[in-house]
Amino acid sequence: MGNADLRDLAAIEDVSFEDLAGSVVAVDAHNWLYRYLTTTVRWTNDDIYTTADGDEVANLVGVVQGLPKFFEHDVTPVFVFDGSVVDLKDDEVEQRREEREKREEQLEQAREEGDSIAVARLESQTQRLTDTILTTTREVLELFDVPVIEAPAEGEAQAAHMAREGAVDYVGTEDYDALLLGTPLTLRQLTSKGDPELMDFEATLETHDLTWEQLVDAAILMGTDFNEGVSGIGPKTAVKAVREHGDIWGVFEARDVYVDNADRIRDLFLHPAVTDDYDFDREIEPDMEAARAYVCEEWEVDPEEVERGFERIEQSVVQTGLDRWT
DNA sequence: CACGTGGA
DNA sequence: TCCACGTGG
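The numbering of the first sequence is full-length UniProt numbering, which starts it at 1 and goes up by one.
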């Protein structure tokens, strides 16, 4: 049900962090958090990220360890948070709920059997973005003076909008949906070891000789977060069919296939709910003392877990601060 | 989501 | 060559 098929169509090139110096990146906060919480924290001891009250705050460790990468390369991150979930996604929400419940049953059984490996694996899969995680992430970002934007609906759509308006230079996300939302330049693998990847919207359209609408139509045929896609249609066939028949309706007619709500799905990508009510300052002046107190005292994170991150933030902010005077 | 496999 | 599907992260 993913849209990884889109990768085959996307115009992607490697860039280096040096190329990004001085730029502003709108980060899809949910994507960033989810990725962090399901990878980095995965095989370590969960207890060190849990407060006495039982709140999981691994996200705070993630923020403190993740921000230096931006600052050290003189990149200003702007975190965009999701608003309400779109109606059409109810199907997917429901399906995820069922999957989660199934995993929770398996987890309970694994605990009873003392299978620690299975427990660790299942815990990673059941982990989700709790209200505490979302709230504390916003709060700690504000202490670091990192801009936080609230999207009316999907953060990715809002980020794409801001990039299209020129308010930010890039959108940072792993999600190929960014392409369907018309994000001009998308950065992937910002948190990975190697070089980031740059996904170019206009170049993608040109490569396949498609319009934006046609790219979305092809994606709907392949399957998106909002629909299953037509069996037997992958990237190659989808693009060929859309070019040949003009749009998704032409393909439906020619191949005698159908996707429910195709017009609405199209709209979610072409005309998503976004706002122009955002404003942020690209100069960042973190309140390190307050941030430390928030993370280590208020939320009881072991200082050792975040010390290196705090140091790097201090260093890099001083560094760029000096740069501004030269 | 990446990657590998296997069938058409 | 293209696509579906399972697995691990």
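Every residue gets a Cβ at the ideal spot worked out from N, C-alpha and C, and that includes glycine. In this text, all values refer to a predicted model and were calculated from it rather than measured experimentally.
- DSSP places Val148 inside the beta strand (DSSP E), whose first and last residues are Val148 to Glu150.
- Collapsing the DSSP output to three states places Leu210 in coil.
- Looking from the CA of Asp281, the closest CA among Asp14, Glu142 and Thr130 belongs to Glu142.
- Taking the Cβ atoms as the reference, Val216 lies roughly 6 Å from Arg266, within the contact range of under 8 Å.
- If you ignore the 5 residues before and after Ala273, its C-beta comes within less than 6 Å of the C-beta of Pro152 and Ala153, all in its own chain and listed in chain order.
- The alpha-carbon of Ala254 is positioned some 24 Å away from that of Asp8.
- Under DSSP, Asn59 shares a beta bridge with no residue.
- Secondary structure at Asn227: strand, using DSSP grouped into helix, strand and coil.
- Under the three-state reduction of DSSP, Gly194 is assigned to coil, being neither helix nor strand.
- In this structure Leu185 is in contact with Ala163, their Cβ atoms being roughly 7 Å apart against a cut-off of 8 Å.
- Runs of alpha helix (DSSP H) with 4 or more residues, each lying fully within the stretch 250 to 323, are found at 262 to 270, 288 to 292 and 303 to 323, listed in chain order.
- With the rule of 3 Cβ pairs closer than 8 Å, the stretch 65 to 79 counts as touching the stretch 22 to 34.
- Counting C-beta atoms within 10 angstroms of its own C-beta, Thr191 has 16 or more neighbours from the protein chains shown and is therefore classed as buried.
- Within the stretch 129 to 180, the complete alpha helix (DSSP H) segments at least 4 residues long are 131 to 143, 155 to 164 and 177 to 180, listed from N- to C-terminus.
- Closest in alpha carbon position to Asp169, among Leu180, Met222, Val75 and Gly309, is Val75.
- In this structure, Leu60 lies near Val306, with their beta-carbon atoms less than 9 Å apart.
- With fewer than 16 other CB atoms across the displayed protein chains lying within 10 angstroms of its CB, Leu270 is exposed.
- When Ser16, Lys240, Thr39 and Val57 are compared, the shortest CA-CA separation from Trp299 is found for Val57.
- By the Cβ rule, the stretch 274 to 293 counts as touching the stretch 309 to 319, because three or more pairs are nearer than 8 Å.
- For Thr39, the enclosing alpha helix (DSSP H) stretches over residues Ala29 to Thr39.
- CA-to-CA, the gap between His73 and Ala4 works out to about 29 Å.
- Under the three-state reduction of DSSP output, Ile12 falls in the strand class.
- Around the beta carbon of Arg308, a 10 Å sphere encloses fewer than 16 other beta carbons of the protein chains shown; the residue is thus reported as exposed.
- In this chain, the alpha helix (DSSP H) harbouring Val239 covers Pro235 to His245.
- The three-state reading of DSSP puts Val75 in coil, since its state is none of H, G, I, E or B.
- The beta carbon of Gln214 sits closer than 6 Å to the beta carbons of Val242 from its chain, once the five residues preceding and following it are set aside; these are given in chain order.
- About 14 Å separates the Cβ atoms of Met199 and Ala26, ruling out a contact at the 8 Å cut-off.
- Secondary structure at Thr50: strand, using DSSP grouped into helix, strand and coil.
- Membership of Thr183 in any beta strand (DSSP E) is not indicated, and neither H nor E is assigned to it by DSSP.
- Measuring C-alpha to C-alpha distances from Phe81 to each of Gly155, Asp276 and Leu210 identifies Gly155 as the nearest.
- DSSP places Asp200 within a strand segment (E or B) once states are collapsed to three.
- In summary, Pro303 is exposed, with fewer than 16 beta-carbon neighbours lying within 10 Å of its beta-carbon over all protein chains present.
- A distance of 9 Å or more separates the beta carbons of Ala291 and Phe70.
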